[in-house]
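See structure below.
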Amino acid sequence: MSHSLNQPTFRQRLRPWFTGFDIGLVIAIALLCGCGLLAMYSAGFDHGTRFVDHARNMALAGLILFVVAQVPPQRLMALAVPIYTVGVVLLVATALFGLTKKGATRWLNVGVVIQPSEILKIATPLMLAWWFQRREGRAQPRHFVAAGLLLLVPTALIAKQPDLGTAILVFSSGFFVIFFAGLSWRLILPVALVGGVSVVALVAAGPTLCEPGVDWVVLHDYQKNRVCTLLDPTKDPLGKGFHIIQGMIAIGSGGVTGKGFMKGTQTHLEFIPERTTDFIFAAFSEEFGLIGCLLLLMCFAFLILRGLAISFAAPTAFARLLGGAITLSFFTYAMVNMGMVSGILPVVGVPLPFISYGGTAMVTLGLSLGMLMSIARARGLMQS
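Number 83 in the working numbering belongs to position 83 of the sequence shown; there are no gaps in the numbering.
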């Protein structure tokens with residue numbers, strides 16, 4: 001009798017699995033998932049099973065988040081070198097033996113077809129956070145140079161596939177780790193200044209550089225076309241400029257309050273290409289207008305601020321660097337996607353987290369948020 005009374009209840013057995021979960025982060029994720037389901041129901045209403053599949057992908061990402069959150073940051077740190085090494089080896093194998101589709105060699109058949117570049121979205125910040133954890137408090141310039149090489153290897157291999165969108169995401173996630181590790185502003189500002197001057201020069205010289213027959217040397221023809229289309233999409237309104245023009249029309253036609261849920265004409269008359277994936281922000285803007293976009297931006301801002309708060313309070317340098325990089329990667333995703341849909345940035349195929357359809361992207365999202373929740377739990381368990 002006394003033995004049965006001392007046995008823990010089912011609720012008591014479950015409690016350790018949820019102890020330390022950050023409520024603010026859970027709320028931010030729930031809000032963005034709600035926005036994603038709302039947008040996908042409308043944009044994918046007559047697009048097969050997109051809404052159901054999107055909900056399934058979200059559930060899978062939630063399960064991955066829960067499982068990864070149970071793994072302590074110390075265990076994640078032990079996985080950093082093996083995952084990064086395997087990822088780079090797979091990228092090299094892709095370059096040598098990969099499958100080519102539509103002119104891009106991004107996939108590798110290892111019994112199942114995989115896209116190794118997705119692994120590096122997680123592996124790169126993991127590796128760099130491990131690198132600086134091992135040198136905490138004594139990082140020297142040569143350590144930052146070595147970190148730069150660790151970052152440039154996967155970035156260059158992915159860019160060569162070519163997959164500029166993923167290369168940008170991998171580079172930015174690694175750069176955030178190096179920045180938080182103490183990269184001097186004296187090195188960042190000159191590069192930023194050169195970049196700014198280059199953009200101004202490109203805009204000024206655009207009409208000449210975009211003339212037929214002008215070779216840009218450092219870029220593929222399709223990349224040159226994307227930049228030239230960004231500078232003047234009206235040159236080919238029914239061809240290369242169609243995506244940008246229709247996206248801007250949809251965003252502008254939404255006005256302040258939007259046309260209303262399920263009432264987007266650009267969306268439902270199929271003028272917006274890729275309306276459930278890369279250009280879903282245009283469909284969202286058309287139906288919910290400026291107010292809806294501001295609310296969506298506030299949800300992303302809430303997620304980012306909560307993630308940064310978790311990172312800054314993390315117990316180790318590894319957790320702080322990894323958490324900060326993961327958090328700011330959401331800023332990169334959102335900025336690049338919204339920028340390209342709005343005609344501010346070139347179209348590079350970057351999804352909008354939680355909102356765009358895509359199973360692989362959702363799995364990566366679950367892994368990233370699971371690591372962030374693991375960091376939050378580590379701090380909470382230490383305090384308890």
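All C-beta atoms in this analysis are idealised placements derived from N, C-alpha and C, irrespective of residue type, glycine included.
ask   = In chain order, which alpha helix (DSSP H) runs of at least 4 residues are fully inside the segment 84-133?
value = 117-133
message = Output needed for R275: all residues of its chain with C-beta closer than 6 angstroms, excluding positions within five of it in sequence on either side, in chain order.
response = The residue you call residue 275 lines up with position 275 of the sequence shown. Closer than 6 angstroms at the Cβ level, and outside the excluded window around R275, lie A43, T267, A283.
request  = Using 10 angstroms around the beta-carbon of P207, count the other beta-carbons present and answer buried if the total reaches 16, otherwise exposed.
outcome  = Here residue 207 refers to the residue found at position 207 when the sequence shown is read from its first residue. Under this definition P207 is an exposed residue.
inquiry  = Applying the 10 Å Cβ sphere with the 16-neighbour rule, what's the burial state of G359?
reply    = In the sequence shown, counting from the first residue as 1, residue 359 sits at position 359. An exposed status is given to G359, since fewer than 16 other beta-carbon atoms sit within 10 Å of its beta-carbon.
message = Less than 8 angstroms between CB atoms is the rule here; does G111 satisfy it with respect to chain C?
response = Looking at the structure shown, chain C is missing, and only one protein chain is on hand.
message = Could you check whether A334 and L308 sit closer than 8 angstroms to each other, using their CB atoms as the reference points?
response = Stepping through the sequence shown from its first residue, residue 308 is reached at position 308. Stepping through the sequence shown from its first residue, residue 334 is reached at position 334. No, the Cβ-Cβ distance between L308 and A334 is not below 8 angstroms.
key: Presumed contact (8 angstroms Cβ cut-off) between I280 and V256, rounded CB distance   = Within the sequence shown, residue 280 is the residue found at index 280, counting from 1. Within the sequence shown, residue 256 is the residue found at index 256, counting from 1. About 20 angstroms separates the two Cβ atoms, so there is no contact after all.
message = Need the endpoints of the alpha helix (DSSP H) that Y357 sits in, please.
response = For this step, residue 357 is matched to residue 357 along the sequence shown. Taken as a continuous stretch (DSSP letters only), Y357 belongs to no alpha helix (DSSP H), as it is neither H nor E.
key: Rounded C-alpha distance that separates L89 from L365   = Here residue 89 corresponds to residue number 89 of the sequence shown, with the count starting at 1. Here residue 365 corresponds to residue number 365 of the sequence shown, with the count starting at 1. At residue 89 the sequence reads Val, which differs from the Leu that was named. Approximately 23 angstroms, taken between the alpha carbons.
ask   = Using the beta-carbon count (16 or more within 10 Å), is N109 buried or exposed?
value = Sequence index remark: in the sequence shown, residue 109 carries index 109 (1-based). It counts as exposed.
query = DSSP three-state call for M262: helix, strand or coil?
reply = Counted from its first residue, the sequence shown places residue 262 at position 262. Three-state result, M262: coil.
key: Beta-carbon contacts of K121 that lie in its chain and below 7 angstroms, excluding the five residues immediately before and after   = As a first step, residue 121 must be located in the sequence shown, where it is residue number 121. The answer, listed in chain order, is L169, V170, S173, T364.
Host alpha helix (DSSP H) of T460 (start-end) = Past the edges of the chain, shown from 1 to 384, lies residue 460, and the structure says nothing about it.
key: Cβ contact check for the segment 288-304 and the segment 192-211: 3 or more pairs under 8 angstroms   = no
message = What does the alpha-carbon distance come out to for the pair T332 and T166?
response = Locating residue 332 in the sequence shown gives position 332, counting from the first residue. Locating residue 166 in the sequence shown gives position 166, counting from the first residue. The alpha-carbon atoms of T332 and T166 are separated by roughly 11 angstroms.
inquiry  = As a quick exercise: from C293, L126, A139, pick the residue whose alpha carbon is nearest that of A78.
reply    = As a working note, residue 78 is residue 78 in the sequence shown. It is L126.
key: DSSP state of W216 mapped onto helix, strand, coil   = For the purposes of this step, residue 216 is taken as residue 216 along the sequence shown, with counting starting at 1. If DSSP states are grouped into helix, strand and coil, W216 belongs with coil.
CA nearest to the CA of A59, picked from I29, Q246, V81 = Your numbering for residue 59 matches position 59 in the sequence shown. For A59, the closest alpha carbon among the candidates I29, Q246, V81 is that of I29.
task = Give a yes or no on whether the C-beta atoms belonging to L164 and G343 are separated by under 8 angstroms.
result = Residue 164 sits at position 164 when you count from the first residue of the sequence shown. Residue 343 sits at position 343 when you count from the first residue of the sequence shown. Going by C-beta atoms, L164 is not nearer than 8 angstroms to G343.
request  = Would you mind giving the Cβ-Cβ distance between V348 and M338, rounded to the nearest angstrom? I have them listed as a contact below 8 angstroms.
outcome  = Taking the sequence shown and counting its residues from 1, the one referred to as residue 348 is at position 348. Taking the sequence shown and counting its residues from 1, the one referred to as residue 338 is at position 338. Rounded to the nearest angstrom, the Cβ distance from V348 to M338 is 13 angstroms, too far for a contact under 8 angstroms.
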